[in-house]
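The next block holds one structure in the form of structure tokens; read it before the comments.
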Amino acid sequence: MTDQPRKGPAYRVVTRLLFIRFWEPADAPLHLDALDPSQEHLRPWMPCAAGEPPTLEQEVGNVRHLRAQFDLGRDYVYGILNRDETAVLGGSGLHARAGVPAAEAEALEIGYWIHVDHINQGLATETSAALTKVAFEINGVERVEIHNDPKNARSAAVPRKLGYVQEAILRQRTRNADGTPSDSMIWTILRDEYPGSPAAQAEIEAFDAVGNRLL
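Residue numbering for the sequence shown follows my numbering, starting at 1 and increasing by one per position.
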């Protein structure tokens, strides 16, 4: 277990362009508005994008579940919204693996997806830089990881820009949307590497559940 102080979780993170925050049930329509046109764009990289989009009722249930997991410290899933919170631009998260709650984990994994109309604008990089900073400075972890399909060059560019190190390509460890095996590229950044990384220079504000400033 890490001995770094834990101040988190951060419920809201404000960056230059984005408002990164926990999902609320009222966000369900905006979430669907972002997911529906992005299905084809996301399907090759996200098996969960396969199949029909959820109904609004189903999506409200999904978002309520994500909020509950967040409040319980099990998994920190964030929406990526514009600064006035009128549109969902994507999603991200700080995830623990192997059954360890995120609130207790020594390592967290950042995942991300971006609305098809907003790719190639640096939003995944800005989000990942912000959450890398949150993971080390608020969650107090020892390591942050990013996993991507080796064929997804756009996704691989994000950790590379932020000073992550490619550790390995794990063969046939995941599945494509059609069920066929897929490789996984693993990127990591360690606590002692973080201060010299571009992610450490991210200018953000972060707040807890009641609005107290954490960063």
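The beta-carbon is built from N, C-alpha and C at its ideal position, and this holds for glycine as well.
On the three-state DSSP scale, how would you describe residue i?
| i | result |
| --- | --- |
| T132 | helix |
| A103 | helix |
| L123 | helix |
| E85 | coil |
| E205 | strand |
Give the range of the alpha helix (DSSP H) segment to which residue i is assigned.
| i | result |
| --- | --- |
| A68 | L56 to D71 |
| V158 | A153 to K161 |
In terms of residue numbering, what span does the beta strand (DSSP E) encompassing residue i cover?
| i | result |
| --- | --- |
| A107 | A107 to I114 |
| H147 | R143 to N148 |
| Q39 | Careful: Q39 lies outside any beta strand (DSSP E), inside the alpha helix (DSSP H) at A28 to L42. |
| P181 | P181 to L190 |
| Q172 | V165 to R175 |
| I80 | Y76 to N82 |
| S197 | From DSSP, S197 is part of no beta strand (DSSP E); its letter is neither H nor E. |
| V210 | Counting along the chain, V210 falls outside any beta strand (DSSP E), and DSSP gives it neither H nor E. |
| L18 | L18 to F22 |
| R6 | R6 -> no beta strand (DSSP E), and no H or E assigned at all. |
Since I believe residue j is in contact with residue i (beta carbons under 8 angstroms), could you give me their beta-carbon distance rounded to a whole number of angstroms?
| i | j | result |
| --- | --- | --- |
| L56 | A28 | 6 angstroms |
| V88 | A124 | At roughly 14 angstroms, the Cβ-Cβ gap does not stay under 8 angstroms, so V88 and A124 are not in contact. |
| V60 | P25 | 5 angstroms |
Next item on the list: Check whether the stretch 157-170 touches the stretch 27-38, taking contact to mean three or more Cβ pairs, one atom from each stretch, closer than 8 angstroms.
Entry: These segments do not touch.
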